[in-house]
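Since the structure comes first, as structure tokens, the remarks are kept for the end.
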Amino acid sequence: MNVLIADDEPLARTRLRELLTEIGGCRIVGEATTGKEALEQGVSVQPDLILMDIRMPTMDGLEAAFHLAALEQPPAIIFTTAYGDHALAAFEAHAVDYLLKPIRKERLENALHKLQQLNRAQLATLKQAGGGSPESRARTHLSVLLRGNLQLIPLESVIYFKADQKYVTVRHAAGQVLIEESLKDLEEEFSEHFFRIHRNALAAAAHISGLVKDHEGNCMLALQGIEELLEISRRHLPEVRKRLTNP
Amino acid sequence: MYSEMRALLSLNDKKKTGTAVKPVTDELFLPNFCGVRMVLALMVIAQLLAFVLALGQMGSENRWKDLSLISLFIQWAALSCGAVLCLSRPWLRKLPNIQAGLLSYLLVLGVTAVMSEAAYWILQAAVMEPPLTRAWYYGFLSRNLAISAIVSAVALRYFYVQHQWKRNIESEAQARIQALQSRIRPHFLFNSLNSIASLTRSHPNEAEAAVMDLADLFRGSLREARLRVPLSEEIELCHKYLHIEKLRLGDRLQVRWELEGLPRDALLPVLTLQPLLENAIYHGLEPLAQGGEIVISGAQQQGMIHISISNPANPAAGAKTTGNRIALDNVRQRLQAFHAKRGKLIVEHSNGTHRVQISFPYLSKEP
Numbered sequence: 012m013n014v015l016i017a018d019d020e021p022l023a024r025t026r027l028r029e030l031l032t033e034i035g036g037c038r039i040v041g042e043a044t045t046g047k048e049a050l051e052q053g054v055s056v057q058p059d060l061i062l063m064d065i066r067m068p069t070m071d072g073l074e075a076a077f078h079l080a081a082l083e084q085p086p087a088i089i090f091t092t093a094y095g096d097h098a099l100a101a102f103e104a105h106a107v108d109y110l111l112k113p114i115r116k117e118r119l120e121n122a123l124h125k126l127q128q129l130n131r132a133q134l135a136t137l138k139q140a141g142g143g144s145p146e147s148r149a150r151t152h153l154s155v156l157l158r159g160n161l162q163l164i165p166l167e168s169v170i171y172f173k174a175d176q177k178y179v180t181v182r183h184a185a186g187q188v189l190i191e192e193s194l195k196d197l198e199e200e201f202s203e204h205f206f207r208i209h210r211n212a213l214a215a216a217a218h219i220s221g222l223v224k225d226h227e228g229n230c231m232l233a234l235q236g237i238e239e240l241l242e243i244s245r246r247h248l249p250e251v252r253k254r255l256t257n258p
Numbered sequence: 246m247y248s249e250m251r252a253l254l255s256l257n258d259k260k261k262t263g264t265a266v267k268p269v270t271d272e273l274f275l276p277n278f279c280g281v282r283m284v285l286a287l288m289v290i291a292q293l294l295a296f297v298l299a300l301g302q303m304g305s306e307n308r309w310k311d312l313s314l315i316s317l318f319i320q321w322a323a324l325s326c327g328a329v330l331c332l333s334r335p336w337l338r339k340l341p342n343i344q345a346g347l348l349s350y351l352l353v354l355g356v357t358a359v360m361s362e363a364a365y366w367i368l369q370a371a372v373m374e375p376p377l378t379r380a381w382y383y384g385f386l387s388r389n390l391a392i393s394a395i396v397s398a399v400a401l402r403y404f405y406v407q408h409q410w411k412r413n414i415e416s417e418a419q420a421r422i423q424a425l426q427s428r429i430r431p432h433f434l435f436n437s438l439n440s441i442a443s444l445t446r447s448h449p450n451e452a453e454a455a456v457m458d459l460a461d462l463f464r465g466s467l468r469e470a471r472l473r474v475p476l477s478e479e480i481e482l483c484h485k486y487l488h489i490e491k492l493r494l495g496d497r498l499q500v501r502w503e504l505e506g507l508p509r510d511a512l513l514p515v516l517t518l519q520p521l522l523e524n525a526i527y528h529g530l531e532p533l534a535q536g537g538e539i540v541i542s543g544a545q546q547q548g549m550i551h552i553s554i555s556n557p558a559n560p561a562a563g564a565k566t567t568g569n570r571i572a573l574d575n576v577r578q579r580l581q582a583f584h585a586k587r588g589k590l591i592v593e594h595s596n597g598t599h600r601v602q603i604s605f606p607y608l609s610k611e612p
């Protein structure tokens, strides 16, 4: 079995490496120190299993797992964590496997016997329950699967979300992609940096440059980095004005 | 998709607010007389008082008539007092408790006087044969005022004592929770134990040293929070703590000490610097993939000692790190408990640098 170890602490990785060697039957195909690295290696190396620390810099383990779950053959994931508190109740509730540090050899051995793939709904819920850390309930990246490749879009580069029937268009600094999530969920998750300007659109507060009137007198929103203007509905206009005057 | 388990999320939020400690404020000791429960309680107490007074009347011919008249009057007076206290609550709560107590006492007496006056006029105009005399009026008024003065004094005293008791319980609970939370983070403890478990195989000597450091650190954290130690001792403890963190984080953790200008015998509350370092690591360095440098610098100025701890911080995280408040508040409170206004803790956040500065007067022995 090909295993990828993801943990930001070198000694924690060493311990897992040693335990896996003792248990046998595993080949360590890579080590990652951040969630993002784990995700990149998860796509490029295609391990059967990732031992994933939850609290890691840049992107936490839960989010990395969430993005990986979009792959056609996602790796199995066993989470490792130093300290549980309430979030572990959510792990139990979803039968998601996790190991508590310091990691016991027997527990690891058991977990290796009942590997499982996790689905996105499970992982999204765990992240929302504060499994990463209470401050990071929102994802740091969006991911899309394009012809077998996982494309990651950092949230800071997203300029707007626009809903169109079943899909949402994500316009970002380097282009645009379609994702299958609802605008309402996106609004809730990213409420800190995005706000609604129309029934079908969310704009990034950081990218706003100003208000413009079109020839029919409708209020339009100008955003940095794109030529296109977005329509602001009358209902959301007061809120947008407020944001513009005191950001 | 993220919304599917909102219920779970809100459950967790509730759990969090459930354990949050309300700050003990200097609020008005009087209960809120505008509430339905308080009005009911007031009516029951007034009725009991009416029973007592009716039973106490000597040589009465018709106790039921007496009781009904007394009840009518007392209920009327009590509910009016309640209404007046309810309406004046916004003003009363702006006053210190002693003044608010006196004022509400006078209000109750005033209301009693007005009610007695009104009762006298009604009785005179309506039913009484023979007509009531002036002497009867004065007796009536003075008896009412005396009863009201005694009963309301007892009631106010009761409310005050109950309020104090509640406050004591709250602040005790708060102190206990803070004592727990200011101790070493479980996240740190379990990660350290994991590192030690890893070291025991390859580097037993280092593992041994780490266990010793961890033991000293815990002994330090179990000490009485009121204790004061010399700066040298606190620095020693910080070194041990940083030694363990260094094992975990490796090159991501860099530390620079610039405390040469400080007297080593300066007293400070035990565990003042260590929690600040722990914050700097947990909220500052750990979320950064490349890590960074923590700078601990200090200066002595006009009898005051200033120590500042700065660390790089993730600009995206901004100042929303709610978790570090607890440790900061705890250190601030203890500095203030020792030095009143001269003990300070200041937090600054600018250009991706987070800086905490503590200041306290230089003392080398317990006053």
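Quick note, the sequences are listed as chains A and B, same order.
Using the working numbering, read the first sequence as starting at 12 and increasing by one per residue.
Using the working numbering, read the second sequence as starting at 246 and increasing by one per residue.
Ideal placement from N, C-alpha and C gives every residue a C-beta, glycine not left out.
- The C-beta of E42 of chain A comes no closer than 7 Å to any C-beta of chain B.
- Looking at the backbone, the Cα of Q602 of chain B and that of L467 of chain B are separated by about 25 Å.
- Below the 7 Å Cβ cutoff, chain B contributes no neighbours of T180 of chain A, its closest Cβ being approximately 17 Å away.
- Taking all protein chains in view, the Cβ of D175 of chain A is surrounded by fewer than 16 other Cβ atoms within 10 Å, so the residue is classified as exposed.
- The continuous stretches of alpha helix (DSSP H) do not include Y527 of chain B, and DSSP gives it neither H nor E.
- R207 of chain A is bridged by DSSP to A:L213.
- With a threshold of 16 other beta carbon atoms within 10 Å, T32 of chain A falls short and is exposed.
- Ranked by how close their Cα comes to the Cα of I526 of chain B, the residues B:L337, B:N556, B:V515 and B:L518 have B:N556 in first place.
- If you check the CB distance, T136 of chain A and L110 of chain A do not come in under 7 Å.
- Within the stretch 18 to 29 of chain A, the residues whose Cβ lies closer than 7 Å to some Cβ of chain B are E20, P21, L22, A23, T25, R26 and E29, listed in chain order.
- When Cβ-Cβ separations below 7 Å define contact, K224 of chain A makes no contact with chain B.
- Contact between the stretch 341 to 348 of chain B and the stretch 309 to 317 of chain B is not established, with fewer than three Cβ pairs separated by less than 8 Å.
- DSSP, read as helix, strand or coil, puts L60 of chain A in strand.
- In the assembly as shown, I591 of chain B is an exposed residue. Its beta-carbon has fewer than 16 other beta-carbons within 10 Å.
- Straight through space, the alpha carbons of E415 of chain B and A391 of chain B are spaced by roughly 36 Å.
- Secondary structure note for N277 of chain B: it is in no beta strand (DSSP E), with a DSSP letter that is neither H nor E.
- Between N556 of chain B and chain A, the shortest Cβ-Cβ separation is not below 7 Å.
- Counting C-beta pairs with one atom in each stretch, the stretch 300 to 309 of chain B and the stretch 433 to 446 of chain B have fewer than three that are closer than 8 Å, which means they do not touch.
- Using a Cβ-Cβ cut-off of 7 Å, N439 of chain B counts as an interface residue toward chain A, since at least one Cβ of chain A sits closer than that to its own.
- The stretch 50 to 69 of chain A makes contact with the stretch 79 to 86 of chain A, as at least three CB pairs between them are under 8 Å.
- Close CB contacts of R430 of chain B within its chain, under the 8 Å cut and outside five residues either way in sequence, are with E523 and Y527 (chain order).
- L521 of chain B is not a Cβ neighbour of I489 of chain B, given a cutoff of 7 Å.
- If you compare the alpha carbons of B:R497, B:V515, B:T517 and B:G465 with that of L533 of chain B, the shortest gap goes to B:R497.
- Rounded to whole angstroms, the gap between the alpha carbons of A358 of chain B and M288 of chain B is 19 Å.
- A residue is called buried when at least 16 other Cβ atoms come within 10 angstroms of its Cβ; A380 of chain B does not meet this threshold and is exposed.
- Contact of A455 of chain B with chain A is not assigned, every C-beta pair being separated by 7 Å or more.
- Per DSSP, the continuous beta strand (DSSP E) segment holding Q499 of chain B begins and ends at L498 to E503.
- Within the same chain, and ignoring the five residues on either side of A93 of chain A in sequence, the residues whose Cβ sits closer than 8 Å to its Cβ are R66, L111 and K112.
- When 8 Å is used as the limit between beta carbons, P68 of chain A is near these residues of chain B: E531, P532, L533 and A534, in chain order.
- Membership of Y350 of chain B in the alpha helix (DSSP H) is indicated by the continuous run N342 to A370.
- Residue pairing by DSSP places K224 of chain A opposite A:C230 in a beta bridge.
- Residue contact with chain B for Y109 of chain A: absent (no Cβ-Cβ distance below 7 Å to any residue of chain B).
- Comparing C-alpha distances from G46 of chain A to each of A:G36, A:D59 and A:A75 shows the shortest one belongs to A:A75.
- Counting only Cβ-Cβ distances below 9 Å, R446 of chain B has contacts in chain A at T25, R26 and E29, in chain order.
- For the stretch 108 to 135 of chain A, the residues whose beta carbon sits under 8 Å from a beta carbon of chain B are, in order, L111, K112, P113, I114, R131, A132 and A135.
- Counting C-beta pairs closer than 8 Å gives fewer than three between the stretch 494 to 513 of chain B and the stretch 458 to 465 of chain B, which falls short of the contact rule.
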